[in-house]
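Sequential numbering of the sequence shown, starting at 3, is according to our numbering. Just so you know, even glycine gets a beta-carbon here, dropped at the ideal spot from N, CA and C.
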Amino acid sequence: MEHTLVLDQLTHKNVHNQFKLNGYHLNYDDMCRVAYSFIKEGDEYEKHIGSFLLEWLDDDLYIEVETSGTTGIPKVIRLEKRAMIQSALATGDFFGLEPGNKALLCLSAKYIAGKMMLVRALILGLSLDITTVDGNPLAYNEEKYDFAAMVPLQVENSLDKLKQIKKIIIGGAPVSKSLVEKLNKKKINAFETYGMTETITHVAAKKVGEKAFKTLPNIIISKDERDCLVIEAPKIISEKIVTNDIVEILSENEFIWLGRFDSVINSGGVKLFPEQIEIKLQDVISERYFIASLPDEKLGQKVILVLEGVTKEVPLSVFEALDKFEKPKEIYFVSQFVVTKTGKLNRLQTLELIKQ
């Protein structure tokens with residue numbers, strides 16, 4: 003079913019007549035009352051939901067959100083509510099969501115991913131259940147759902163119960179090779195997403211285990227001179243977004259993500275993608291880790307491995323799956339990695355710790 007609603011007739015103050023929150027039909031006035039109640043008496047996750055609902059239903063045509071700060075300093079940006087509606091409609095089309103479908107919100111509404119689950123429910127007419135924001139959102143939940151969004155940690159902890167959800171989108175961090183294998187073994191209908199706060203969450207998705215991302219409706223992709231992805235989404239953002247993600251474009255709506263331009267390592271004239279090396283190490287390293295580089299007189303840059311925890315011996319067999327130039331020249335240990343407010347690894351700040 004294609005969502006062909008005319009935006010001139012659809013504003014952020016329209017609450018779909020099939021929208022439900024925790025099983026209850028709510029109109030505009032009901033939403034305002036519930037929001038005030040959440041803010042005054044709710045738990046922390048409910049306070050964030052209440053605050054966003056009031057912000058969404060007010061007279062302003064935009065909301066302010068903070069970017070994650072994964073690759074730089076977090077910043078506050080404005081997103082048009084009209085664009086957020088378009089994003090919700092595109093997600094509905096891509097995943098075949100219908101009015102009355104049941105969805106689960108288990109992400110914080112403090113950030114864009116949680117906010118957009120609420121917007122999708124309001125605009126598409128979903129029946130949305132909200133739950134505490136923790137690492138195991140299905141632990142005490144036996145309900146069946148058509149749609150949910152989770153981060154990889156939540157998916158990992160919910161493996162035995164994911165059959166309760168028909169379609170799951172996974173974002174916030176890369177999906178590990180081992181998690182992909184577990185999901186495929188259990189035949190879970192899960193999708194890895196690509197996007198950022200500036201694009202109002204995801205602009206592309208792929209079935210877990212597949213290589214290529216497929217763009218959502220009305221998304222145009224190209225590459226710049228660095229081979230980095232350029233996104234045009236005229237219904238969502240007025241300007242082109244030039245990313246730092248190096249990609250291989252397969253067609254007008256498909257691309258393969260290779261790694262970050264700002265993390266590419268040039269070692270002895272060979273270009274190496276840390277993210278690709280990390281994938282090869284997933285099955286042999288249990289603690290958190292990442293691949294980076296340090297200056298080197300002979301090579302220009304040398305590959306290093308950074309591990310979280312106490313210093314210990316790392317057997318050479320760990321690196322058997324790596325090519326000659328991919329093998330780390332040095333190994334560093336950091337007692338605790340630096341993370342962003344949303345729990346993502348901050349590579350730059352963590353790397354600074356080993357330089358001190």
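Around the Cβ of Ile202, a 10 Å sphere holds 16 or more other Cβ atoms; the residue is buried. Membership of Ala37 in the alpha helix (DSSP H) is indicated by the continuous run 30-43. Along the length of the stretch 158-211, whole alpha helix (DSSP H) runs at least 4 residues long occupy 179-187, reported in chain order.
Burial state of Asp247 is buried, judged by a 10 Å Cβ sphere holding 16 or more other Cβ atoms.
With a contact defined as Cβ atoms closer than 8 Å, Asp131 and Leu106 qualify at about 5 Å.
Assignment of Pro297 by DSSP, reduced to helix, strand and coil, places it in the strand class. Within a 10 Å sphere around the beta-carbon of Pro276 sit 16 or more other beta-carbons, which makes this residue buried. Our two residues, Lys184 and Leu161, have alpha carbons roughly 8 Å apart in a direct line. With contacts defined by Cβ atoms closer than 7 Å, Ser269 and Leu301 form a contacting pair. Gln20 is not bridged by DSSP to any residue. Here the C-alpha atom of Asp226 lies approximately 25 Å from the C-alpha atom of Arg80. Under the three-state reduction of DSSP output, Leu124 falls in the helix class.
Per DSSP, His14 has no beta bridge partner at all. Straight-line measurement puts the Cα of Ala294 at about 5 Å from the Cα of Ile306. Using a C-beta cut-off of 8 Å, the stretch 189-202 makes contact with the stretch 150-170, since at least three inter-stretch Cβ pairs fall below that distance.
In this structure, Glu194 sits near Val210, with a CB-CB distance shorter than 7 Å. In this structure, the beta-carbon distance from Phe54 to Leu124 does not fall below 7 Å. Beta bridge pairing from DSSP links Met118 with no other residue. Just so you know, the alpha carbons of Lys208 and Asp285 end up roughly 22 Å apart. Between Asn159 and Lys216 a beta carbon distance of about 28 Å is seen, past the 8 Å cut, so the two are scored as non-contacting. For the pair Lys179 and Ile281, the CB atoms are nearer than the 7 Å cut-off. Look at Leu283 here: in three-state DSSP terms it is helix. Bounds of any alpha helix (DSSP H) do not take in Ala150; it lies within the beta strand (DSSP E) bounded by 147-152. Scanning its chain for C-beta atoms nearer than 7 Å, with the 5 sequence neighbours on each side dropped, one finds no residue around Glu354. By alpha-carbon distance to Arg262, the top candidate from Leu155, Arg228, Val157 is Arg228. Ile287 sits exposed, since fewer than 16 C-beta atoms from the chains shown fall within 10 Å of its C-beta. Secondary structure at Ala92: helix, using DSSP grouped into helix, strand and coil. Distance from Ile223 to Ile267 at the Cβ level is roughly 25 Å; contact not present, criterion being Cβ atoms closer than 8 Å. Closest option to Glu332, judged by alpha-carbon separation, among Tyr30, Asn348, Thr133, Leu318: Leu318. Rounded to whole angstroms, Phe149 and Asp31 show a C-alpha spacing of 26 Å. Nearest in C-alpha terms to Val78, of all of Ala323, Thr69, Ile171, is Thr69.
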